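Everything below concerns the one structure shown next.
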Amino acid sequence: MRNPGRIFTLSRFSIYFEMVAQTGSIRQAASALNVSPSAVNRQILAVEEDMQTPLFHRHSSGLSLTTAGELLLAAIISGKRDFEQFQSRLDGLSGLHGGVVEIAAIEAVSDRLIPDILSDVTKRHPRVEFRLQTLDFKAIWQAVSRNDVDFGISLAGKSSRQVRIVSTLQAAIGFVVRPDHPLAQREDARLNHAIGSKLILPDSTLAVGAAIQDGLAQHSLSLNPTFTSNRIASIKALIRSGLGVGMLTRMDVMNEVKARELCFVPIKESGIRPLGFSLFYNTQRRLSAAAQTTLDLITESFNSMSEQSGTTLP
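Residues in the sequence shown are numbered from 243 upward in steps of one, following our numbering.
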């Protein structure tokens with residue numbers, strides 16, 4: 243009869259049991275674990291007696307799992323996996339390990355805003371590992387909805403029961419020029435200030451390019467750019483070469499403006515609206531300490547940039 247009062251510890255037994263299942267031999271398992279064969283055998287016999295069912299078929303050539311043994315092995319492996327997840331979360335809370343922070347972001351953010359923030363996070367969590375994916379704006383919303391990443395940064399969208407928007411940044415669209423260009427001396431400009439200049443524009447496959455085209459359509463204007471490109475980096479290289487006046491968002495050139503390599507002049511035209519960027523996460527995801535720290539720092543950066551541009555966040 244099973245003894246309900248007897249408790250056996252799975253920690254040591256599970257190690258012995260799993261190794262015997264792998265090797266098919268008590269002696270080989272004992273040798274691998276550097277313990278005596280009798281110690282391994284006692285653990286297995288004690289549990290078999292307690293469960294009143296054999297865990298192994300004993301053959302002259304070795305041991306093989308019974309059906310009960312296979313079920314127990316699956317439970318042990320599942321338990322180990324659950325414990326490892328628990329340990330990872332516990333380490334994150336205690337600050338011993340940062341764990342992994344997974345971010346999905348569009349190019350405008352991943353190439354400029356994110357690197358400085360990750361530098362700050364690694365100072366606080368030196369063991370943290372970052373996985374940064376640069377994706378299309380729709381793919382980012384999908385990745386967050388599927389709970390594939392800790393959080394995403396993409397074109398502005400709407401919150402839902404599953405996805406919560408933490409912060410939104412409205413990035414003004416403007417002319418981008420070299421410091422020696424006449425437009426660089428202006429605090430703001432209108433579209434007609436670029437008349438006579440060669441234009442370097444993002445094409446409509448980029449979000450900023452699509453926003454510019456929409457704005458021009460509202461004014462029934464048609465610009466004939468000398469250069470178009472589907473890469474922000476290429477547009478900035480053309481501007482630096484003195485080939486013309488570009489049109490991008492403030493965020494696209496924040497590093498170059500800070501380094502005084504380029505100048506940003508916001509366009510004051512009703513149809514040219516700022517481009518919105520949202521920071522969001524899946525409400526079903528439990529963020530690690532490092533992921534929460536990263537999220538908070540990006541929120542602070544969004545708020546700071548909004549204050550500088552005079553935009554109030556909702």
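C-beta atoms are modelled at their ideal positions from N, C-alpha and C, and glycine is treated no differently. Remember, predicted model here, so these are calculated numbers, not experimental data.
Problem - 6 Å CB neighbourhood of A350 in its chain, flanking five on each side removed - result: Cβ within range, chain order: M493 and D494.
Problem - Length of the line joining the Cα atoms of L425 and I509 - result: 11 Å
Problem - Simplified DSSP state of L307, which is helix, strand or coil - result: strand
Practice task
Give me whichever residues DSSP pairs with V418 in a beta bridge.
Solution key: G488 and F506
Handout entry: Range of the contiguous alpha helix (DSSP H) that encloses V351
Key = E349 to S352
Handout entry: Nearest neighbour of I437, chosen from L275, S512, G488 and R420 [CA to CA]
Key = G488
Exercise for the section: Look up Y523 in the DSSP assignment and give the residues it is bridged to. Expected result: Answer is F393 and R406.
Handout entry: Rounded Cβ spacing between A347 and G394 (contact assumed at less than 8 Å)
Key = 7 Å
Exercise for the section: Could you tell me if the beta carbon of Q460 falls within a distance shorter than 7 Å of some heavy atom in the ligand NAP? Expected result: Because no ligand of any kind appears in the structure shown, any question about the ligand NAP cannot be addressed here.
Exercise for the section: Identify every run of the alpha helix (DSSP H) within the segment 406–479, keeping only runs that are complete inside it and at least 4 residues long; order them along the chain. Expected result: If only complete runs of 4 or more residues are kept, the segment 406–479 shows the alpha helix (DSSP H) at 449–460, in order along the chain.
Problem - Distance, S267 Cα to Q285 Cα - result: Distance between the alpha carbons of Q285 and S267: 14 Å.
Practice task
Have a look at I481, T364 and P368 and flag the residue whose alpha-carbon is nearest the alpha-carbon of P467.
Solution key: I481
Practice task
Mind reading off the beta-carbon distance from S408 to C505? Whole number of angstroms is fine, and I expect it under 8 Å.
Solution key: Note that residue 408 corresponds to Val in the displayed sequence, not to Ser. Contact doesn't hold; Cβ gap of about 31 Å is too wide.
Exercise for the section: Tell me, to the nearest whole angstrom, how far the beta carbon of F288 is from that of L297; I am working on the premise that it is less than 8 Å. Expected result: A quick correction: the sequence has Ala, not Phe, at residue 288. Contact annotation, A288 with L297: C-beta distance approximately 11 Å; criterion of less than 8 Å not satisfied.
Problem - Proximal residues to A413 (C-beta, below 7 Å), its chain only, five neighbours per side dropped - result: T491, R492, M493, P516, L517 and F519
Exercise for the section: To the nearest angstrom, report how far apart S471 and I477 are at their CA atoms. Expected result: Taking C-alpha positions only, S471 is separated from I477 by approximately 6 Å.
Practice task
Check whether the Cβ atoms of L307 and A272 sit closer than 8 Å, and answer yes or no.
Solution key: Against a cut-off of 8 Å, the Cβ pair of A272 and L307 comes out as no contact.
Problem - Three-state class that DSSP yields for E344 in the structure shown - result: strand
Exercise for the section: Can you grab the Cα-Cα spacing for the pair H367 / D538, in whole Å? Expected result: Here the alpha carbons of D538 and H367 stand approximately 14 Å from one another.
Problem - Rounded distance between the beta-carbons of M547 and L397, thought under 8 Å - result: Between L397 and M547 the beta-carbon gap is near 16 Å, outside 8 Å, which marks them as no contact.
Problem - Simplified DSSP state of Q384, which is helix, strand or coil - result: helix
Problem - S543 versus R528 - alpha carbon distance - result: Each residue's Cα considered, the two are about 22 Å apart.
Problem - Residues near V507 by beta carbon distance below 6 Å, same chain, minus five either side - result: Answer for V507: G416, F417, L425, R428 and A431, listed in chain order.
Practice task
Identify the continuous alpha helix (DSSP H) that holds R636 and give its terminal residues.
Solution key: Since the displayed the chain opens at 243 and closes at 556, residue 636 lies outside it and no answer follows.
Practice task
With DSSP collapsed to three states, give me the class of E371.
Solution key: strand
Problem - I442 beta carbon less than 8 Å from that of G484 - result: no
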